[in-house]
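Shown next, in C-alpha cells, is the structure this report addresses.
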Amino acid sequence: MALRFHNTLTRSLEEFVPLHEGRVTLYTCGPTVYDFAHIGNFRTYLWEDLLRRHLEFRGFQVRQVMNLTDVDDKTIAGALKAGVALDDYTRRFVDAFFQDLDTLGIQRAAEYPRATRHVTEMVALVERLRAGGHLYESKGSLYFRIDTFPRYGRLSGLDPDSAAAGQARIDADEYDKDNPRDFAVWKERKGDEPFWDTALGQGRPGWHLECSVMSMQYLGETIDIHTGGVDNVFPHHENEIAQSEAATGRPFVRYWLHAAHLIVDGEKMSKSRGNFFTLRDLLDRGYQPRPIRYLLLSAHYRKQLNFTFDGLAQAVASLSRLDDLADRLARESLRETPAGALSGAAAEAGARFLEAMDNDLNAAAALGHLFELVREANTALDAGRAGLADAAAVREVLGRFEAIFGLRLGPQRSIDAAIEELIARRQAARATRDFKEADRLRDELAAQGILLEDTPHGVRWKRRGA
Ligand SMILES: [Zn+2]
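FYI, in the working numbering the residues of the sequence shown are -14 to 451.
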C-alpha cells in the first residue's frame, strides 16, 4: 500500500509523492525561544522526528529545515522584562532547546535559521509583496491586505466572505480565527523594542514572514511537506501561504500536516492549573527520556494526547517488555532449526507495522501489531518452539521499530552505573588537579539531581530530595 498523509489543505488522505523522486523537502515550524519548550511542544517535534525517520526508512532522502523565532512579541517582552538585549535573552533558550532535542534523541535538521539573521531577506519579500500591490501602510507599519489573495482562508476553512471582509488590521503576532484581519508584515519601531534600520525604515518583521522566507530560501518556492501544531493553522500558516504565494504565484506547500494538542490529566496544560510541564520538569522528577519519547509518540498524531503519570509508567513498562524480548533474543541459546510458525508471525507483524505507519503514521496501530508479536515470541521462546531463524525474523521487526521510533532496544545501562561513571571521572579529574573539569562534572551530576558528599571513606552520593 502506498504512503499516505492527511493533508490539512484538502482535508483528505492523499498518497504522498514528492516533487522530486526520492527526495523530500520538509519545513517544520520551530520554537519561539522565550522560555523552555514544554511537553506539548515536544509532542510536535517528536512526531516530526517520527515522520522524518519513517520517510528515511522508506528510502527518501529528507532535507529538513526548522526556524528559530528569536524576535516576536513574546521574545521582545521577555527581554524587556529581564532588562537584557534580545540576543542575550534568547541565547539561553536556544541552547536549552538543542540540549532538549539531544536528550529526546530528536535528529537534527539540516538548518536552523534564526529570524534575526534573516531580516534582509524578509525585507526583500516585503518589497516584492509591496510591488505586487498586496500591502498598504498605516502609521509606518506595513499590512498584508488579505482581500488581494482570494485563496485566503483555504487552509483553515475560513468563511471566504468573512475573510474578504477583513477591513480591520492587526499588529499582534497571534490572534484568533473568528477575526481574520489584515496582518502586519513589517512593524514600525516602537518604544524600547529592538529594531533594524532597513529600506523599509526602522522596525522589525511580523512573525509570519520568517517562515515564508526561510522555507523558500532553504528549500525552494514549492516544498513537499510543511508541519506544525494544529494551533499554527491559523493565523500562522494561513498567513505564510498568502505571503509566499502572492509573491511567487506558485503553490507554497504540497502537503500540510498538523499535530493535535497535548493535554494533561484531561485538561489544557496551563501554569495556573499547575499541570504545565517542560521536559526539564519531568527529568527533575526522575523520569528518563526514553519513556517520555515513547509516550509522546505512541498516540496517533492527529488525536489529542492525554499525558498522565500513569501513562508514563505504562510507557516504562512497554519499553521494558520490548527491551526484555530484545535481550532474550540475543541471549538465549537457540537451535538452528528451519523457520517455524514464529517466523511467519514476524513477517506478518512486520508488514502490518509498516502498513500502519504508511497509513498517515498511525503509530498506535503500529505498536499494537508490534506487541502482538512480542506476545507470540515470548510464548514460543517459553515453549522452546523458537529457533535461530525465528529469532532473527523477530529481531528484524524490532529493528524496524528502533529505526522509525528512534529508540534502541536491549538491556539499558543502569542509571546508577552512569552516575558512578561520572563520579569516577570527577575523582580522576581531582587526582590530576583538573579542578575545573571536576567542578563541571559535579555540576553535571547536580543537574541530574545527584548530590555528592566527600567523606574520609570516599565520595557518597544521593538523589536530591531522597
Ligand atoms: Zn512557522
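Ideal placement from N, C-alpha and C gives every residue a C-beta, glycine not left out. Everything numeric in this text was worked out from a predicted model, so none of it was measured.
(request) Given a cut-off of 8 Å, decide if Asp34 and Ile91 are closer than it, judged by their beta-carbon atoms. (result) Residue numbering aside, residue 91 sits at position 106 when the sequence shown is read from its first letter. Residue numbering aside, residue 34 sits at position 49 when the sequence shown is read from its first letter. Yes, they are a contact pair.
(request) Jot down the residue ranges of each uninterrupted beta strand (DSSP E) in the stretch 152 to 195, minimum 3 residues, whole runs only, in chain order. (result) 167 to 173, 181 to 183 and 186 to 190
(request) Label Lys172 either buried or exposed according to how many other C-beta atoms from any shown protein chain fall within 10 Å of its C-beta, with 16 as the threshold for buried. (result) Within the sequence shown, residue 172 is the residue found at index 187, counting from 1. So Lys172 ends up on the buried side.
(message) Would you call the stretch 179 to 195 in contact with the stretch 109 to 119, where contact means no fewer than 3 C-beta pairs closer than 8 Å?
(response) yes
(message) Measuring alpha carbon to alpha carbon, tell me which residue in Asn217, Tyr137, Glu206 and Leu383 is nearest Ala332.
(response) Looking up residue 332 in the sequence shown gives position 347. Measuring from the Cα of Ala332, the nearest candidate turns out to be Leu383.
(request) Return yes when the C-beta of His103 is under 7 Å from any heavy atom of ligand 1, and no when it is not. (result) Position 118 of the sequence shown, counted from the start, is the residue given in the question as residue 103. Not so, every heavy atom of ligand 1 lies at least 7 Å from the Cβ.
(request) If I'm right that Ala349 touches Ala284 with Cβ under 8 Å, what's the distance once you round it to whole angstroms? (result) Sequence index remark: in the sequence shown, residue 349 carries index 364 (1-based). Sequence index remark: in the sequence shown, residue 284 carries index 299 (1-based). With 8 Å as the limit, Ala349 and Ala284 qualify as a contact, their Cβ atoms being about 6 Å apart.
(message) Can you tell me whether His246 is helix, strand or coil according to DSSP?
(response) Taking the sequence shown and counting its residues from 1, one reaches residue 246 at position 261. DSSP places His246 in coil when its eight states are reduced to three.
(request) With hydrogens ignored, establish whether the beta-carbon of Asn26 is closer than 7 Å to any heavy atom of ligand 1. (result) For the purposes of this step, residue 26 is taken as residue 41 along the sequence shown, with counting starting at 1. It does not: the Cβ of Asn26 is nowhere closer than 7 Å to a heavy atom of ligand 1.
(request) Assuming Tyr30 contacts Pro98 (C-beta within less than 8 Å), just tell me the rounded distance between them. (result) Residue numbering aside, residue 30 sits at position 45 when the sequence shown is read from its first letter. Residue numbering aside, residue 98 sits at position 113 when the sequence shown is read from its first letter. So it is not a contact: roughly 16 Å between Cβ atoms.
(request) Please work out which residues of its chain come closer than 8 Å, Cβ to Cβ, to Ala300, disregarding the five sequence neighbours upstream and downstream, and give them in chain order. (result) Mapped onto the sequence shown, residue 300 falls at position 315. Cβ neighbours of Ala300 beyond the five flanking positions: Pro276, Ile277, Tyr279, Leu280 and Ser283.
(message) Am I right that Tyr74 and Ala64 are in contact with their C-beta atoms under 8 Å? What's the rounded C-beta distance?
(response) In the sequence shown, the residue the question calls residue 74 occupies position 89. In the sequence shown, the residue the question calls residue 64 occupies position 79. Between Ala64 and Tyr74 the Cβ distance is about 4 Å, and since that is below 8 Å, they are a contact.
(message) Looking at Leu11: is its Cβ nearer than 8 Å to the Cβ of Arg37?
(response) Start at 1 with the first residue of the sequence shown, and residue 11 comes out as number 26. Start at 1 with the first residue of the sequence shown, and residue 37 comes out as number 52. Result yes, Cβ atoms of Leu11 and Arg37 sit closer than 8 Å.
(message) Can you tell me where the beta strand (DSSP E) holding Arg427 begins and where it ends?
(response) Taking the first residue of the sequence shown as 1, we reach residue 427 at position 442. Here Arg427 belongs to no beta strand (DSSP E); instead the alpha helix (DSSP H) covers Phe420 to Ala432.
(request) Along the alpha helix (DSSP H) that carries Gly213, what are the first and last residues, could you check? (result) Counting from 1 along the sequence shown, the entry for residue 213 is found at position 228. That residue, Gly213, is in no alpha helix (DSSP H); its beta strand (DSSP E) goes Ile208 to Gly214.
(message) Suppose the cutoff is 8 Å on Cβ atoms and the five residues either side in sequence are ignored; what does the same chain contact list for Asp269 look like?
(response) Looking up residue 269 in the sequence shown gives position 284. Correct list, in chain order: Gly434.
(request) Would you mind working out which of Gly125, His243 and Asp158 sits nearest Ser141, comparing C-alpha positions? (result) Position 156 of the sequence shown holds residue 141. Nearest of Gly125, His243 and Asp158 to Ser141, Cα basis: His243.
(message) Tell me the rounded alpha-carbon separation between Val79 and Ala70.
(response) By one-based count along the sequence shown, residue 79 stands at place 94. By one-based count along the sequence shown, residue 70 stands at place 85. Using only the alpha carbons, I get a separation of about 15 Å.
(message) Any heavy atom of ligand 1 closer than 7 Å to the beta-carbon of Asn52?
(response) Position 67 of the sequence shown, counting from 1, holds the residue named residue 52. Yes - ligand 1 has a heavy atom lying nearer than 7 Å to the Cβ of Asn52.
(message) Taking a contact to mean a Cβ-Cβ separation below 8 Å, would you say Leu264 touches Leu89 in this structure?
(response) Counted from its first residue, the sequence shown places residue 264 at position 279. Counted from its first residue, the sequence shown places residue 89 at position 104. Taking 8 Å as the Cβ cut-off, Leu264 and Leu89 qualify as a contacting pair.
(request) Determine the contact status of His119 and Val198, defining contact as a CB-CB distance below 8 Å. (result) The residue labelled residue 119 in the question sits at position 134 within the sequence shown. The residue labelled residue 198 in the question sits at position 213 within the sequence shown. No, Cβ-Cβ distance for His119 and Val198 is not below 8 Å.
(request) Count the other CB atoms, across all protein chains shown, that sit within 10 Å of the CB of Gln228; report buried if there are 16 or more and exposed otherwise. (result) Taking the first residue of the sequence shown as 1, we reach residue 228 at position 243. It counts as buried.
(request) Report the rounded CA-to-CA distance for Ser200 versus Ile210, giving the unit in angstroms. (result) In the sequence shown, counting from the first residue as 1, residue 200 sits at position 215. In the sequence shown, counting from the first residue as 1, residue 210 sits at position 225. The alpha-carbon atoms of Ser200 and Ile210 are separated by roughly 10 Å.
(request) Use the C-beta contact count for Asp266: other C-beta atoms within 10 angstroms, 16 or more gives buried, fewer gives exposed. (result) Here residue 266 refers to the residue found at position 281 when the sequence shown is read from its first residue. Label assigned to Asp266: exposed.
(request) Could you check the C-alpha separation between Arg449 and Glu340 for me, to the nearest Å? (result) Against the sequence shown, residue 449 aligns to sequence position 464. Against the sequence shown, residue 340 aligns to sequence position 355. If I take the Cα positions, the gap works out to 45 Å.
(message) Any heavy atom of ligand 1 closer than 7 Å to the beta-carbon of Gly214?
(response) Numbered from 1 along the sequence shown, position 229 holds the residue referred to as residue 214. False, no ligand heavy atom lies under 7 Å from that Cβ.
(request) Would you decide whether Glu361 is buried or exposed? Buried here means 16 or more other CB atoms lie within 10 Å of its CB. (result) On the sequence shown, residue 361 is found 376 positions in, with the first residue counted as 1. Buried: at least 16 other Cβ atoms inside 10 Å.
(request) Decide if Leu185 is buried, meaning its Cβ has at least 16 other Cβ atoms within 10 Å, or exposed. (result) Walking along the sequence shown from the start, residue 185 turns up at place 200. Under this definition Leu185 is a buried residue.
(request) With a threshold of 7 Å, establish whether the CB of His221 neighbours any heavy atom of ligand 1. (result) Locating residue 221 in the sequence shown gives position 236, where the first residue counts as 1. Yes.
(request) Would you identify the three-state DSSP class for Asn260, choosing helix, strand or coil? (result) To locate residue 260, count along the sequence shown from 1; it is residue 275. Of the three classes helix, strand and coil, the one that applies to Asn260 here is coil, per DSSP.
(message) Assuming Asn291 is part of the beta strand (DSSP E), what are its boundary residues?
(response) Position 306 of the sequence shown holds residue 291. From DSSP, the beta strand (DSSP E) with Asn291 extends over Leu290 to Phe292.
(message) Could you check whether Asp58 and Asp158 sit closer than 8 Å to each other, using their CB atoms as the reference points?
(response) Translated into positions along the sequence shown, residue 158 becomes position 173. Translated into positions along the sequence shown, residue 58 becomes position 73. Yes. Within cutoff.
(message) Do Phe129 and Asp156 have their beta-carbon atoms positioned less than 8 Å apart in this structure?
(response) Within the sequence shown, the letter at position 171 stands for residue 156. Within the sequence shown, the letter at position 144 stands for residue 129. No, the pair does not count as a contact, with Cβ atoms beyond the cut-off.
(message) Here's the rule: buried if 16 or more other CB atoms are within 10 angstroms of the residue's CB, otherwise exposed. What is Gln49?
(response) In the sequence shown, residue 49 corresponds to position 64, counting from 1. Answer is buried; the Cβ neighbour count reaches 16.
(request) Go ahead and pull the three-state DSSP assignment for His(-9). (result) Residue -9 sits at position 6 when you count from the first residue of the sequence shown. Strand, per DSSP.
(message) For Glu321 and Ala374, I'd like the C-alpha separation in whole angstroms.
(response) Stepping through the sequence shown from its first residue, residue 321 is reached at position 336. Stepping through the sequence shown from its first residue, residue 374 is reached at position 389. Going from the Cα of Glu321 to the Cα of Ala374 covers about 7 Å.
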